[in-house]
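**Student:** Input: one structure, supplied below.
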Amino acid sequence: MEWSSWIGYLAASLTTLSFLPQAIKVIATRNTQGISGLMYVMFVCGLVMWLVYGLMIEDAAVSMANFLTLVFALPILIIKFRRG
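Numbering (our numbering), first residue to last: -15 to 68.
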């Protein structure tokens, strides 16, 4: 594997995992004050589009990173709109 691929996978991993602490905190506390609902709607829509794009071009790094980020971001969005 080339260095550029390693850098891509590392960047995707760090970006994806950066949402984990927020997801854990929101799920545990159910507190979404200070989190913009509009930002998360736009972000989740962008993740879905990146996921579709990654699948279309058959790029595992793009697909997996956006799928996992979606798994972390979607619960935050759901709790935001259920709790306000």
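Backbone N, C-alpha and C define an ideal beta-carbon position, used for all residues, glycine too.
(1) Over the uninterrupted alpha helix (DSSP H) stretch that includes I19, give me the two end residues.
(2) Whole-angstrom Cβ separation of V25 and I60, contact assumed at under 8 Å?
(3) Give me, in chain order, the residues of the same chain whose beta-carbon lies closer than 6 Å to that of F51; leave out the 5 immediate sequence neighbours on both sides.
(4) Just the Cα atoms here: how many angstroms apart are Q6 and A(-4)?
(5) Taking the alpha-carbon of S(-12) as reference, which of A45, R67 and S2 has the nearest alpha-carbon?
**Tutor:** Looking at the atomic coordinates:
(1) Here residue 19 corresponds to residue number 35 of the sequence shown, with the count starting at 1. No alpha helix (DSSP H) holds I19; DSSP gives it neither H nor E.
(2) Position 41 of the sequence shown, counted from the start, is the residue given in the question as residue 25. Position 76 of the sequence shown, counted from the start, is the residue given in the question as residue 60. Incorrect: roughly 11 Å between the Cβ atoms, too far for contact.
(3) Here the question's residue 51 lines up with position 67 in the sequence shown. Closer than 6 Å at the Cβ level, and outside the excluded window around F51, lie L35.
(4) Position 22 of the sequence shown holds residue 6. Position 12 of the sequence shown holds residue -4. Using only the alpha carbons, I get a separation of about 17 Å.
(5) On the sequence shown, position 4 is the one that residue -12 refers to. Of A45, R67 and S2, the residue nearest in Cα terms is A45.
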